[in-house]
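Student: Position 109, counted from 1, in the sequence shown is what our numbering calls 579; the numbers after and before it change by one each time, with no gaps. For every residue, glycine included, the Cβ atom is placed at its ideal position computed from N, Cα and C.
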Amino acid sequence: TIVIAILFVGIVAFESVYSIKEQEQGVVTTFGKAGSVVTSGLHFKIPFIQRVTKVNTTILGFPIGYNPSGSQEVSEEEAAAESLMITSDFNFVNVDFYVEYKVSDPVKYLYNSKQPTEILKNISQSCIRTVVSNFSVDDVITTGKSEIQAEIKEMIVQKLEQQDIGLMLVNISMQDAEPPTAEVIEAFKAVETAKQGKETAINNANKYQN
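1) What are the complete alpha helix (DSSP H) segments, minimum 4 residues, inside the segment 507-590?
2) Can you give me the start and stop residues for the alpha helix (DSSP H) that glutamate 494 sits inside?
3) Please state if the CB of arginine 599 and the CB of methionine 638 are separated by a distance shorter than 8 Å.
4) Could you tell me which residues DSSP puts in a beta bridge with alanine 446?
5) How many whole angstroms separate the CB atoms of tyrosine 579 and glycine 636, which I take to be in contact at a CB cut-off of 8 Å?
6) Based on Cα-Cα distance, which residue from Gly496, Tyr488, Ser486 lies nearest to valine 573?
7) Count the CB pairs spanning the segment 611-618 and the segment 500-507 that are closer than 8 Å, and state whether there are at least three.
8) Helix, strand or coil: how does DSSP classify glycine 451 here?
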């Protein structure tokens, strides 16, 4: 009995104390409901009733349009598709970006969405394509880099505020911009032609039905 009591006390003591590292924040939940957010240091909680989820608050990042050395997050085909864009003068261009972000609100980050980082990536890709499509290919490849980055950053920040997922954009930088290969252009055109053919067939069918 004494051994069991000592063991129980030891477990309770172990479950009562936790530490948060310098580059972390902890979200304390009581019976599954999010409560306080704690910063670095040694802390106490009610064992078996309160739980702590640690969140990394350092600056993180991900590429769009290319694979970093050794990374297998996306395939080469997916990366190529991400980088291929159309400019305002209807030219194709390969543009690579790197997005830096951090958690601004740990509670919202954990509970306002299931995949906040994926949402940020989708927002970034959408904003990048929208902004790049407003510039000529010469501007994208040569003199328009700073202006393009600034417009994309402003647009992403606005959309993140609307989504309210607990993430903030730190920076987005254009890594590279160049015309794609002839093979890539032809493949892209073939896909677009197929899409247009499908839409035309559907429209013709609807007209015939009416």
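Tutor: On the basis of the data shown:
1) Taken in chain order, the unbroken stretches of alpha helix (DSSP H) that lie wholly in the segment 507-590 and span 4 residues or more are 546-553, 576-581.
2) Annotation for glutamate 494: no alpha helix (DSSP H) segment contains it, though the beta strand (DSSP E) segment containing it runs 494-500.
3) Arginine 599 sits away from methionine 638, with the two beta carbons spaced by 8 Å or more.
4) Because the chain here runs from 471 to 680, residue 446 falls outside it and cannot be looked at.
5) At roughly 3 Å, the Cβ-Cβ gap stays under 8 Å, so tyrosine 579 and glycine 636 are in contact.
6) Considering only alpha carbons, the answer is Gly496.
7) Too few Cβ pairs lie closer than 8 Å, so no.
8) One cannot answer for residue 451 here, as it falls past the ends of the chain, which runs 471 to 680.
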